[in-house]
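**Q** Just so you know, this note's numbering puts 193 at position 147 of the sequence shown, and the rest follows in order with no gaps. Yeah, the Cβ is synthetic: ideal placement off N, Cα and C, and Gly gets one too. Computed from a predicted model, the values in this text were never measured in an experiment.
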Amino acid sequence: MISRLLILLSIISINAHSLDSRKIELLRGRKNSDGEKISWDKKFSSDQYVFGKDPADSLTKYIKFLPKKKLKVLDLAMSEGRNTIFMAKKGHDVTGIDISSVAIKKANALAKENNVNFKGIISDLTKYEFGKHEFDVILCYYFLDRNLITKIKNWVKPGGYIIFENFTVNDPVESRKNKKYLLLENELISLFEGERLIYFQELIHTNRRVSSIVIQKK
Ligand SMILES: C[S@@+](CC[C@H](N)C(=O)[O-])C[C@H]1O[C@@H](n2cnc3c(N)ncnc32)[C@H](O)[C@@H]1O
């Protein structure tokens, strides 16, 4: 009798455990705007720059593809502004958008430190509308929302540039999380099919697996 009771109790506890882990899995998905803002604000709340103050390595290489004149640049999900400020220091007219007011405040401090300006927009970029053909260059580093691609193509001028970078499903760290926000192998090529491909790379022999692309809109 006692052994039967013990078996029953262990079955109940296994079910409770699997339900818990399923709940946690569901909560891991991208949250609604408010939840997203709260969790990113929290992430950026320390004095340290989570993504550093230096621009992404790839951006420092890819700027050679851009025209040598003052450009209107949009940095999507700009965070604490490492790429925004880099582009502003190159003399461009830069707008950045991010849902986290804490991140944009830190980007403002970074701009001040570097004696440059940018326009910061605190908003959910999935709901925000920029003008058609408003920008010469659009940067999108580490924010993947496939529904945004058509909008990005629309916001950039014909002849303008899109620079996009994200982790892929092969990344050993990120692949443990929600794969929806990771690029499939070579996916960037198909997402921007029909536009002029300037440069594409997908790192497969490095610790972190990242894919990036430079596109010129036709
Ligand atoms: C991985 S970080 C981007 C890093 C940044 N682009 C860089 O390379 O330094 C993701 C950013 O997206 C922002 N974010 C998340 N959801 C957003 C949304 N719906 N609208 C605008 N920004 C959002 C977060 O606040 C965070 O700063």
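#1: Can you list the alpha helix (DSSP H) stretches of 4 or more residues lying completely in the stretch 167-233, in chain order?
#2: Using the C-alpha atoms, what's the distance from Asp144 back to Ser258?
#3: Flag this pair as yes or no: are the beta carbons of Lys5 and Phe181 separated by less than 8 angstroms?
#4: Would you report the Cα separation of Lys226 and Arg192, rounded to the nearest angstrom?
#5: List the residues that DSSP assigns as beta-bridge partners of Glu248.
#6: Do the stretch 211-221 and the stretch 236-254 make contact, defined as three or more Cβ pairs closer than 8 angstroms?
#7: Hey, how far is the Cα of Ala134 from the Cα of Pro113?
#8: Along the alpha helix (DSSP H) that carries Ile131, what are the first and last residues, could you check?
#9: Are the CB atoms of Leu120 and Thr141 within a distance shorter than 8 angstroms?
#10: Taking the runs of the alpha helix (DSSP H) that are 4 residues or longer, which of them lie wholly in the stretch 136-164?
#11: For Arg128, count neighbouring Cβ atoms within 10 angstroms of its own Cβ and tell me buried if that reaches 16, exposed if not.
#12: Nearest to Leu171 by alpha carbon, out of Phe132, Val215, Phe189?
#13: Kindly examine ligand 1 and report whether one of its heavy atoms sits closer than 7 angstroms to the Cβ of Ala157.
#14: By DSSP, does Leu243 sit in helix, in strand, or in coil?
#15: How is the alpha helix (DSSP H) around Leu105 delimited, first residue to last?
#16: In the structure shown, what three-state DSSP assignment does Lys89 receive?
**A** Looking at the atomic coordinates:
#1: 195-201
#2: 20 angstroms
#3: Given a span of 47 to 264 for the chain in the structure shown, any question on residue 5 remains unanswerable.
#4: Rounded to whole angstroms, Lys226 to Arg192 spans 9 angstroms at the Cα level.
#5: Answer is Ser257.
#6: yes
#7: Rounded to the nearest angstrom, the two C-alpha atoms are 15 angstroms apart.
#8: Ile131 -> alpha helix (DSSP H) spans 128-135.
#9: Taking 8 angstroms as the Cβ cut-off, Thr141 and Leu120 qualify as a contacting pair.
#10: 147-159
#11: buried
#12: Phe189
#13: no
#14: Leu243 falls in the strand class under three-state DSSP.
#15: 103-108
#16: Here Lys89 sits in helix by DSSP.
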